[in-house]
Structure formats: C-alpha cells, structure tokens
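Since the structure comes first, as structure tokens, the remarks are kept for the end.
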Amino acid sequence: MTQYDVIIIGGGAAGFSSGIYTSRRLLKTLILSKDIGGQTALTTEIENYPGVDFADGTALMMKFKEQAEKFGCEFDIDEVVGIKKDGELFLLMTATGKEYVTRSVILAFGMSPKNLDVLGEAKFVGRGVSYCATCDAPLYKGKNVAVVGGGNSALDATEYLGRLAAKVYLIHRRNEFRGDEILEARVRKLKNVELVFESVVTEVVGDDRVRGVRVNHVTTNEQRKIECDGVFVAIGHVVKARWLGDLVDYDAIGHIHANKLSETKTPGLFAAGDVVSGSFKQIATASGEGVSAALRCYQYLTKTTGRLLAPDWDIKKK
Ligand code: NAP
Numbered sequence: 187m188t189q190y191d192v193i194i195i196g197g198g199a200a201g202f203s204s205g206i207y208t209s210r211r212l213l214k215t216l217i218l219s220k221d222i223g224g225q226t227a228l229t230t231e232i233e234n235y236p237g238v239d240f241a242d243g244t245a246l247m248m249k250f251k252e253q254a255e256k257f258g259c260e261f262d263i264d265e266v267v268g269i270k271k272d273g274e275l276f277l278l279m280t281a282t283g284k285e286y287v288t289r290s291v292i293l294a295f296g297m298s299p300k301n302l303d304v305l306g307e308a309k310f311v312g313r314g315v316s317y318c319a320t321c322d323a324p325l326y327k328g329k330n331v332a333v334v335g336g337g338n339s340a341l342d343a344t345e346y347l348g349r350l351a352a353k354v355y356l357i358h359r360r361n362e363f364r365g366d367e368i369l370e371a372r373v374r375k376l377k378n379v380e381l382v383f384e385s386v387v388t389e390v391v392g393d394d395r396v397r398g399v400r401v402n403h404v405t406t407n408e409q410r411k412i413e414c415d416g417v418f419v420a421i422g423h424v425v426k427a428r429w430l431g432d433l434v435d436y437d438a439i440g441h442i443h444a445n446k447l448s449e450t451k452t453p454g455l456f457a458a459g460d461v462v463s464g465s466f467k468q469i470a471t472a473s474g475e476g477v478s479a480a481l482r483c484y485q486y487l488t489k490t491t492g493r494l495l496a497p498d499w500d501i502k503k504k
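Numbering follows the working numbering, in which position 271 of the sequence shown is assigned residue number 457; successive positions increment by one, without gaps.
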C-alpha cells in the first residue's frame, strides 16, 4: 500500500489550497473528496475572492484543482468513512472499500446539507430528493417541485426553479423568511410559486421516484399532500464529523476544535476551513486556513520524520 505524507480530506477551497502548499513542499499528497469544489462549486457568482473580480464557483475550483495537480498533488473522488491512528501513522477507510496509510491528515471536508430526517427522504435521494438546486433544477423543467426552507438558499432555489418548473411550492415552517428582503420580493412576484407557510414536511412519498410530500400545518395540525416530482431541501448546512470519534474535540454544533495553527488534539491531524469551530465560512478564509494547515503539517512531518523535505526559512529557525 502506498504511504502518503499527507492525505487531505475534502476538495474545496481549503483542501486544494492545502494541496498546493504540501505538494510544493514535495510532500506526497493525496486529496480524497466526495466532489470537486465543495460548496464553492455550487456558487454561480463570486465577487469577493481577492484579486478576482468575478468568478463562477465551479471554474474557480477547477483552477484550484489544476494548480494543486500541477505540483504533483493526487486527487481521487471517494468518501472517507473511517480513520484509525496506529502509532505515528493514520489508516483511512473509504466508502468504496479502499484503504490508505498516511503520516498526517488535513481535515478540510467543509459542511454538508442538513437533512429533513423524515420518512422517505433518504430513500428518494437522487430520485427526486435533491440538496442542490444549482445542480439539479434543469431536470425539473415544466414539472412541479417543492422547496423546503426559509433562508437565502431556499429563496435562491425557488427563484431559480420558478423560471424552469411549472409550479414551485415553497414550504417553510414559520410565516416569515430569514433570507434577504430583495430575494424574498423577487420570489413573491413569481406567479407560479405558492408559499406554504407554517408547515413542515412529514414524509416524502413516491414509487420508483418522488411523487409528492405530506405536510402538516404547525398550528392547526391540518395535513395536506402536495403532488410534485422533486423536493429541494434547503434548510442549511451542518458539519458531519462525528465519524472521527475521539481523535478530535467538537463544539456544541459538531464543528471541530483546532487551534490557530490548525492543530487538533491529535498530533498529525490538522483541520481547516468550514469544518473548524468559529470559522468565517468564506472562500478566502478557507483558502488561508488551508495554507496554514499545510505549512504546520509540513513542520510536523519535518520534526517527526527527521528529514528536511524541502528548504524552508521557518524550519531552519527551529
Ligand atoms: P439558513 O439561513 O440557516 O436558513 C435555514 C432555513 O431552513 C431557515 O428558514 C430555517 O427555519 C429552516 N430550517 C432549518 N432546519 C429546518 C428543519 N429541520 N425543518 C424545516 N425547516 C428548517 O440557511 P441557508 O438558507 O442555507 O443559508 C446559509 C447562509 O448562506 C446564510 O448566511 C445565507 O445568507 C447564505 N446564503 C446567501 C445566499 C445569497 O446571498 N444569495 C444564497 C444562499 C445562502 P427558521 O427560519 O424557522 O429557523
């Protein structure tokens, strides 16, 4: 089994930035990620990444990936589902059954969409249940869809779907939105959007694919079945990191504790970007944290392996 110097889990802004830096330090680096670009790739208009006036998220992330690969960083689409520490090495297990050995790990897998946790949701993922309007909306041209949520993601999804679908039901558990007024106003103007307030989805129903949702009015308890071909869940994001067990500490909402040097409580295990407690969740901050984690990881490996992997002014001082 090939042994890596560092495996980076997550191929978003933080992960690729780490990969650029570790590869340039000649560390044997592999990025394992469920997707290319993480949440950034789902953003169509980026105007606040310094030095870049305007970018499409997917295009920007492809540039990050190409830059990392240019310096020798390897990349594979796979989900890491298990991790064990064995002495100074880490063993990683993936969803496709592969195993990897590495001297260090950078956790940069960001946030995942929050689930509704209702009957039928998991069963119909990919068969009508979606967490990404940007990716899947075009599949619902001329069809009826439901969007669940009351924040900017749900409003964004509704506006986008409103231009393609025959009808959009926007289901929200309260009677006021928490998104931007400007988005709300645009959504309210759409003739084919029905606002279903004070309602929660209790079940996603279907046969071989989604055919509708059951909703419950939160005050009257009245039940209703809405017939639709797709359900877009847009109720926020969470960090899904508990599979790391006690190798890291978590805050109250499940984010990973890491210090300013990106170190977790386990030597050799670093964290960067949105997975970290208190992070600002910006592309620029995630990139910066990815770079910090890479440099700290490099220092750690230099110390533990006793080899100067590449010249570095910072290391010479130590
Ligand atoms: P969010 O702002 O946290 O909103 C989540 C929405 O889902 C809330 O309305 C919440 O209801 C509802 N919700 C949460 N859990 C639920 C559950 N279990 N069942 C039913 N409803 C549930 O999340 P977001 O919309 O993904 O936005 C996240 C961040 O990204 C925000 O800062 C947002 O401004 C930003 N964003 C910006 C844009 C943009 O500027 N165009 C686009 C997308 C996202 P309550 O209101 O009752 O809590």
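We put the beta carbon where it would ideally sit given N, CA and C, even for glycine.
Since the structure is predicted, the reported quantities are computational estimates derived from the model, not experimental observations.
Cβ-heavy atom distance, residue i to the ligand NAP, below 7 Å
i	result
residue 342	yes
residue 302	yes
Backbone secondary structure at residue i - three-state DSSP
i	result
residue 418	strand
residue 338	helix
residue 468	coil
residue 461	helix
residue 368	helix
residue 387	strand
residue 431	helix
residue 510	Because the chain in this structure spans residues 187 to 504, residue 510 falls outside the shown range and cannot be described.
residue 326	helix
residue 314	coil
residue 240	coil
residue 473	helix
residue 284	coil
residue 377	coil
residue 332	strand
residue 215	strand
residue 448	coil
residue 486	helix
residue 278	strand
residue 250	helix
residue 408	coil
Inter-residue spacing [alpha-carbon to alpha-carbon] between residue i and residue j
i	j	result
residue 480	residue 250	15 Å
residue 447	residue 473	14 Å
residue 414	residue 452	48 Å
residue 507	residue 487	Outside the displayed range of the chain (187 to 504) lies residue 507, so it cannot be described from this structure.
residue 147	residue 419	With the chain running from 187 to 504 in the structure shown, residue 147 is simply not present.
residue 531	residue 265	Here the chain comprises residues numbered 187 to 504, so residue 531 is not present and cannot be evaluated.
residue 330	residue 355	8 Å
residue 423	residue 320	16 Å
residue 396	residue 190	43 Å
residue 362	residue 383	8 Å
residue 445	residue 292	13 Å
residue 369	residue 254	36 Å
residue 455	residue 482	10 Å
residue 502	residue 209	Bear in mind that a pLDDT of 42 at residue 502, under 50, signals an unreliable position, so the model cannot answer this.
residue 217	residue 245	18 Å
residue 498	residue 207	Residue placement at residue 498 cannot be trusted, given a pLDDT of 47 that sits under 50; what the coordinates show is reported in the next sentence. Between residue 498 and residue 207, the C-alpha separation is close to 12 Å.
residue 234	residue 407	44 Å
residue 489	residue 271	18 Å
residue 259	residue 286	15 Å
residue 462	residue 373	33 Å
residue 401	residue 301	16 Å
residue 307	residue 389	7 Å
residue 500	residue 256	Reliability of the predicted coordinates at residue 500 is poor, the pLDDT of 49 falling under 50, and the value obtained from them is presented with this limitation in mind. If I take the Cα positions, the gap works out to 24 Å.
residue 194	residue 376	43 Å
residue 504	residue 241	Residue placement at residue 504 cannot be trusted, given a pLDDT of 40 that sits under 50; what the coordinates show is reported in the next sentence. Going by the C-alpha atoms only, they are around 40 Å apart.
residue 366	residue 466	19 Å
residue 364	residue 421	11 Å
residue 405	residue 252	52 Å
residue 434	residue 477	20 Å
residue 507	residue 398	As shown, the chain starts at 187 and ends at 504. That puts residue 507 outside it, with no answer to give.
residue 227	residue 430	25 Å
residue 341	residue 335	8 Å
Cβ distance (whole Å) where residue i is taken to contact residue j below 8 Å
i	j	result
residue 417	residue 314	6 Å
residue 438	residue 294	So it is not a contact: roughly 22 Å between Cβ atoms.
residue 269	residue 275	Incorrect: roughly 11 Å between the Cβ atoms, too far for contact.
residue 237	residue 197	Not confirmed; about 21 Å, so no contact.
residue 317	residue 299	4 Å
residue 219	residue 205	Not a contact, Cβ separation roughly 10 Å.
Closer than 7 Å: residue i CB and nearest the ligand ATP heavy atom
i	result
residue 311	Annotation note on the ligand ATP: not contained in the displayed structure, which lists the ligand NAP as its ligands.
Discussion item. Using only Cβ atoms and a threshold of 5 Å, which residues come within that distance of a heavy atom of the ligand NAP? Order them by chain position.
Written reply: Checking every Cβ against the heavy atoms of the ligand NAP under 5 Å gives 335, 336, 337, 338, 339, 342, 359, 360, 364, 421 and 422.
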